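Contents: one structure, followed by commentary.
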Amino acid sequence: PSPKKFKGKAGKQPGSTLLIKSIEFPQMPYKIVDLPGFGYMNSSSRRREEHIKKQLVIHIEKHHGDYFFSLVILNFLRIEDELKKYNLENNTSIPLTFELIKFLKEFDIPLLVILNKADKVSVFDKKRIISLLIDSAKDYGLNLVQITYEENKVHMKIPYLEFSAIKRTNLDKLKRIIKVFLQKVG
Numbered sequence: 035p036s037p038k039k040f041k042g043k044a045g046k047q048p049g050s051t052l053l054i055k056s057i058e059f060p061q062m063p064y065k066i067v068d069l070p071g072f073g074y075m076n077s078s079s080r081r082r083e084e085h086i087k088k089q090l091v092i093h094i095e096k097h098h099g100d101y102f103f104s105l106v107i108l109n110f111l112r113i114e115d116e117l118k119k120y121n122l123e124n125n126t127s128i129p130l131t132f133e134l135i136k137f138l139k140e141f142d143i144p145l146l147v148i149l150n151k152a153d154k155v156s157v158f159d160k161k162r163i164i165s166l167l168i169d170s171a172k173d174y175g176l177n178l179v180q181i182t183y184e185e186n187k188v189h190m191k192i193p194y195l196e197f198s199a200i201k202r203t204n205l206d207k208l209k210r211i212i213k214v215f216l217q218k219v220g
């Protein structure tokens, strides 16, 4: 199917998705579930933010058997902020992104971390941010590796892909990866 035909409605700003949204069409043998951003919510109250996180956990616990693949999309421009907030300045809590990845791994849901907005950072900053992300992930027992093949063959490793939706950087690679998982389901 044409991606434009099945495209879901996106929020105008990061963190504006507050509800769990399913995208379903009769022609698709699966549904796409868009979850609110786990690490960055543009909500006005902390209580609402906690409620949304709780709903995410309940949804994943209830429906994890239906998930055959997960994309965890991180904004290159926000990675450092999250790591500073939860890891570098406050060693007592786990960054929310890592918490989500660990949670998905508990249910053996294959995943790919998408580092989006790769076009917005310089090559130097990209290397620095990725290095910080990989090193911080290791502190929590997560082994992030750059994907080199369409399938994540090593269960203990978590692949990531540099991506730019605007410039379509690595879009073909992402489509191939998703196709591999769709073939396993279909």
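Numbering (this note's numbering), first residue to last: 35 to 220.
Beta carbons are placed, not taken as given, at the ideal position from N, Cα and C, and that holds for glycine.
What you are looking at is a predicted structure, and each value in this text was computed from that prediction instead of being measured.
With H, G and I counted as helix, E and B as strand and the rest as coil, what does DSSP make of residue i?
i	result
Gln-61	coil
Ser-213	Contrary to the premise, residue 213 reads as Lys rather than Ser in this sequence. It is helical.
Glu-114	helix
Lys-201	coil
Can you list, in chain order, the residues of its chain with a C-beta nearer than 7 Å to that of residue i? Leave out the 5 residues immediately preceding and following it.
i	result
Tyr-64	Val-219
Do you know offhand how far residue i's Cα is from residue j's?
i	j	result
Leu-282	Phe-137	Given that the chain is displayed from residue 35 to residue 220, the structure contains no residue 282 and the question cannot be resolved.
Leu-53	Lys-160	31 Å
Leu-195	Arg-81	33 Å
His-85	Glu-95	15 Å
Ile-135	Gln-61	30 Å
Glu-140	Ile-192	13 Å
Leu-178	Ile-148	11 Å
Leu-69	His-97	13 Å
Ala-152	Asn-204	10 Å
Ile-128	Gly-175	11 Å
Lys-118	Ile-168	14 Å
Leu-105	Lys-87	17 Å
Phe-102	Lys-213	12 Å
Ile-143	Asn-125	27 Å
Mind checking which residues open and close the beta strand (DSSP E) that includes residue i?
i	result
Ile-192	191-196
Ile-128	Looking at the DSSP string, Ile-128 is not in any beta strand (DSSP E), and its letter there is neither H nor E.
Ile-54	Careful: Ile-54 lies outside any beta strand (DSSP E) and carries neither H nor E.
Give me, in chain order, the residues of the same chain whose beta-carbon lies closer than 8 Å to that of residue i; leave out the 5 immediate sequence neighbours on both sides.
i	result
Glu-223	The structure shown does not extend to residue 223, since the chain spans only 35 to 220, so no value can be given for it.
Leu-111	Lys-151, Lys-154, Val-155
Ile-181	Leu-146, Pro-193, Tyr-194, Leu-195, Lys-207, Ile-211
Can you find the residues in the same chain that come closer than 6 Å, C-beta to C-beta, to residue i, ignoring five residues on each side of it along the sequence?
i	result
Ile-66	Ile-57
Lys-107	In the sequence as displayed, the identity of residue 107 is Ile instead of Lys. Taken in chain order, the residues that qualify are Ile-148, Asn-150.
Quiz prompt | Residue ranges of each beta strand (DSSP E) within the segment 132-187, 3 or longer | solution = 145-150, 177-180
Quiz item: Could you give the uninterrupted runs of the beta strand (DSSP E) lying entirely in the segment 79-111, keeping only those of 3 residues or more?
Solution: 104-109
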